[in-house]
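Okay, structure first, notes after.
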Amino acid sequence: MSASNHPGEPPLVKVLATGGTIANTPSGRLHAGEVADAIPELKKVARLEVEEIVRVASSAISVENWLALARRSAEVLEQAEVKGIVVTHGSNAVEETAYFLSLTVKSEKPVVLTAAQRQFTTLSSDSPKNFLQAVRVAASDEARDKGALVVTNDMIHAARDVSKNISNRVETYNSRDLGALGFVDDDRVTFYRLPVKRHTRAAPFDIRRLRQLPRVDIVYTYAGADGALIEAAVAHGAAGIVIAGFPTGSATPVMDDTIRKVAGRGVPVVMTNRGGMGRVIDKRAKEARPLIFGDNLTPVKARVLLMLGLTTTRDPAALQEIFEKY
Amino acid sequence: MRPIGRCAALAILAASLGAAEAQDRLPLVKVVATGGTIANTPSGRLHAGEVAEAIPQLKQVARLEVEEVMRVGSSSIKVENWLTLARRINDILAREPEVKGVVVTHGSNTVEETGYFLSLTVKSDKPVVLTAAQRQFRTLSSDSPKNFLQAVRVAAADEARGKGALIVTNDVINAARDVTKTMTYRLETYSSHDLGVLGYVDEDRVTFYRVPLKPHTRATPFDVTRLQKLPRVDIIYTAVDTDGALIDAAVAHAGAEGLVIAGFPTGSGTPAMDEAVKRVAAQGIPVVMTNRGGVGRSTETAARAKEARPLIFGDNLTPQKARILLMLALTTTRDPAAIRQIFETY
């Protein structure tokens with residue numbers, strides 16, 4: 037544990053703000069520092085330093101923002117006094133940013149992302165409590181070395197497994213059948229589960245010198261879908277494709293043909309389940325489809341892993357191994 | 003073995019005659035088969051009639067007539083197949099008054115899509131029940147025979163009338179509009195998320211607890227009797243930093259007449275996608291916004307209403323369900339206001 041230079045004072049937690057509903061009001065977006073100042077409970081659980089990386093809705097987050105955020109997180113966590121980081125974020129894409137950080141931040145210290153469904157200062161807003169609970173988790177010893185965490189609605193989710201399901205309600209985040217890692221109650225932070233898949237320091241991805249990531253497009257599967265969007269994605273420079281496939285891990289026969297074509301040109305194609313639960317495996321092994329199977333990752337998480345995987349290799353076997361580990 | 007005495011033989015004869023009469027009095031259920039895991043084995047696909055023959059319990063609950071419309075995995079189902087299936091079911095339910103209900107055996111991957119399509123295009127109050135399986139027939143602990151039986155029981159039930167197409171698997175009844183296959187391979191894969199099931203299929207009886215409110219079957223304006231195909235609608239997925247390339251390509255190169263965005267959960271694309279949506283909407287292509295997370299209604303938010311995004315909001319439909327409704331809507335209108343109304347209704 038990092039030693040505090042301020043004995044008797046609460047731990048230092050750094051807030052890296054990116055915008056989102058949690059710092060938004062009907063009259064416009066706030067600096068996260070203003071939000072923090074309006075939540076007096078925060079001062080009882082941590083000393084906060086708030087720094088704004090970007091101030092946007094999560095629909096406007098870019099890959100460049102991810103790279104900047106990961107680099108800044110790594111720098112901040114090297115400061116011995118910092119106990120953990122909270123990233124305030126828009127609700128829509130927090131699961132993507134979180135998994136990206138979980139794969140790229142090389143520290144055991146807690147990296148906790150949070151978001152809100154109801155704007156700050158609106159009726160029954162979940163913003164202040166989510167902010168507080170995220171800071172409490174980031175300040176806790178128990179949150180160390182579990183990969184990035186997403187804390188909302190009094191629950192702690194693993195970045196890899198959580199997704200936003202419900203359009204607007206406060207219980208929107210769900211890790212489906214893998215469940216939450218723990219709870220944030222009034223008395224304490226309690227963990228019940230440890231994620232087994234590798235993350236942070238055990239991941240091989242080094243983004244320090246990267247300015248961009250390889251383009252990966254997601255193509256959705258539905259009855260009668262053809263290969264037009266797969267072709268279009270590759271024509272627009274996609275270096276890899278993620279198929280949001282039928283749940284058992286397949287596309288339509290016409291998509292299969294297109295996948296063979298683009299895989300033959302060296303574009304890796306990852307198969308995932310559009311339904312979002314359970315591992316995708318090769319049930320049609322004798323056809324030797326040129327697919328990488330995306331484990332139980334949702335399409336958006338598989339895209340993050342493929343973009344990072346492609347910074348280390350283009351070999352399908354090596355990519356398959358990456359998809360089995362992270 | 004002792005020879006059977008005369009009395010015992012008569013008793014058996016009487017019992018079998020009684021059984022035959024009882025069978026005659028059972029409701030007639032038509033099975034319209036399309037293939038899928040439920041009629042597949044490690045050595046190849048079976049005719050659904052062979053599957054039915056191998057489930058003796060079926061004869062105790064209905065008289066079955068099995069006809070095969072196609073025999074494919076559900077990843078191979080096409081819009082043309084939907085049109086054929088809807089026409090055939092309409093035909094059966096219009097011309098064969100004795101038929102109590104229809105069971106459609108189907109592959110598991112797209113049964114939710116076919117189910118919603120039939121729910122919007124079959125013009126009858128009689129039950130149309132789709133079923134599927136996760137484990138091939140004759141493999142260990144296969145769910146195929148029980149799902150088949152439970153679907154037939156629901157199709158034969160008075161209570162199943164007037165509820166739109168139903169999906170019956172794993173002893174529960176889901177509404178076609180709301181159900182989705184969530185898990186890759188497990189038996190409890192079908193979920194209507196927070197709307198829940200309509201009812202249960204237990205050993206003693208079929209019990210309904212909910213009726214779907216959205217209009218369906220006879221209450222929809224969609225007539226596929228004379229259609230050979232449907233307008234093309236593509237689904238575009240949203241992720242961080244997605245640009246408009248696939249939106250433009252779907253319209254310009256693939257000939258999409260409408261688009262569905264599998265959007266961020268609160269109902270948005272990225273700013274670059276928003277620009278592309280504006281471009282194609284200005285060309286008269288309707289664009290429907292849905293939630294990639296699959297739960298809850300997509301609506302215009304107060305914060306973004308002033309932007310006047312040219313979107314139709316897809317209610318709580320999943321992207322693939324919104325695509326079906328948009329394809330059918332486009333057979334009746336291209337007016338965004340009218341399509342918006344359709345999305346609020348069905």
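Here the protein sequences come in this chain order: A and B.
This note's numbering puts the first residue of the first sequence at 37, with every later residue one more than the last.
This note's numbering puts the first residue of the second sequence at 3, with every later residue one more than the last.
Idealized CB from N, CA, C, for every residue including glycine.
Listed along chain A, the residues sitting closer than 8 Å to isoleucine 79 of chain B by beta-carbon distance are Ala259, Gly260. For isoleucine 97 of chain A, the secondary structure class from DSSP, reduced to helix, strand or coil, is coil. Lysine 200 of chain A is positioned such that its CB atom lies closer than 9 Å to that of serine 127 of chain A. Here valine 232 of chain A is exposed, its C-beta having fewer than 16 other C-beta atoms within 10 Å. Taking the beta carbon of methionine 185 of chain B as reference, the chain A residues within 7 Å of it are Pro283, Gly311, Met313, Gly314, listed in sequence order. Around the beta carbon of lysine 322 of chain A, a 10 Å sphere encloses fewer than 16 other beta carbons of the protein chains shown; the residue is thus reported as exposed. Per DSSP, methionine 343 of chain A is one residue of the alpha helix (DSSP H) stretching across 335-345. According to the DSSP assignment, threonine 133 of chain A belongs to the alpha helix (DSSP H) that extends over 130-140. Below the 8 Å Cβ cutoff, chain B contributes Ser77, Ser78 as neighbours of proline 289 of chain A, in chain order. C-alpha of valine 297 of chain B to C-alpha of threonine 320 of chain B: approximately 8 Å in a straight line. Taken through DSSP and simplified to helix, strand or coil, arginine 281 of chain B comes out as helix. Closer than 8 Å at the C-beta level to chain B, one finds these residues of the region 173-204 of chain A: Ser199, Lys200, Asn201, Ile202, Ser203, Asn204. Just so you know, the alpha carbons of glycine 55 of chain A and glutamate 77 of chain A end up roughly 21 Å apart. Counting along the chain, the unbroken alpha helix (DSSP H) around asparagine 92 of chain B starts and ends at 81-97. Taking a Cβ-Cβ cut-off of 7 Å, the neighbours of aspartate 253 of chain A in chain B comprise Leu248, given in sequence order. Proximity to valine 86 of chain A across A:Lys361, A:Arg154, A:Ala239, A:Ile121 peaks at A:Ile121, based on C-alpha coordinates.
Between aspartate 197 of chain A and leucine 185 of chain A, the beta carbon gap of about 11 Å keeps them out of contact (Cβ cut-off 8 Å). Contact check between the region 317-334 of chain B and the region 226-241 of chain B: three or more CB pairs, one atom from each, fall below 8 Å, which counts as touching.
The beta-carbon of glutamate 85 of chain A is placed no less than 9 Å from the nearest beta-carbon of chain B.
Take the alpha-carbon of tyrosine 118 of chain B and the one of isoleucine 94 of chain B: they are about 19 Å apart. Rounded to the nearest whole angstrom, the C-alpha separation of glycine 311 of chain A and asparagine 176 of chain B is 16 Å. Distance between glutamine 155 of chain A and lysine 337 of chain A, taken at the CA atoms: about 26 Å. Per DSSP, asparagine 293 of chain B is one residue of the beta strand (DSSP E) stretching across 289-293. Within chain B, the residues Ala241 have their CB atoms less than 7 Å from the CB of valine 336 of chain A, given in chain order. Inter-residue distance for glutamate 357 of chain A and asparagine 92 of chain B is about 50 Å (C-alpha atoms, whole angstroms). For arginine 325 of chain A, no alpha helix (DSSP H) segment is defined, and its DSSP state is neither H nor E.
The beta-carbon of glutamine 155 of chain A is placed less than 9 Å from the nearest beta-carbon of chain B. Its Cα nearest to that of alanine 299 of chain A, the residue A:Arg350 stands out among A:Tyr256, A:Ala72, A:Pro283, A:Arg350.
Contact between serine 286 of chain A and serine 77 of chain B holds, since their C-beta atoms are separated by about 5 Å, short of 8 Å.
Distance from alanine 175 of chain A to histidine 193 of chain A at the Cβ level is roughly 18 Å; contact not present, criterion being Cβ atoms closer than 8 Å. Taking C-alpha positions only, alanine 82 of chain A is separated from asparagine 204 of chain A by approximately 29 Å. When CB distances to chain B are screened at a threshold of 9 Å, the residues of the region 113-146 of chain A falling below it are Gly126, Ser127, Asn128, Ala129, Glu132, Thr133, Phe136, in chain order. Against chain B, a Cβ distance below 7 Å from histidine 272 of chain A picks out Ala247.
At least 9 Å separates the beta-carbon of valine 252 of chain A from that of isoleucine 279 of chain A. Close partners of isoleucine 237 of chain B in chain A (Cβ separation under 7 Å): Tyr256, Tyr258. Boundaries of the alpha helix (DSSP H) around arginine 325 of chain B: 321-331.
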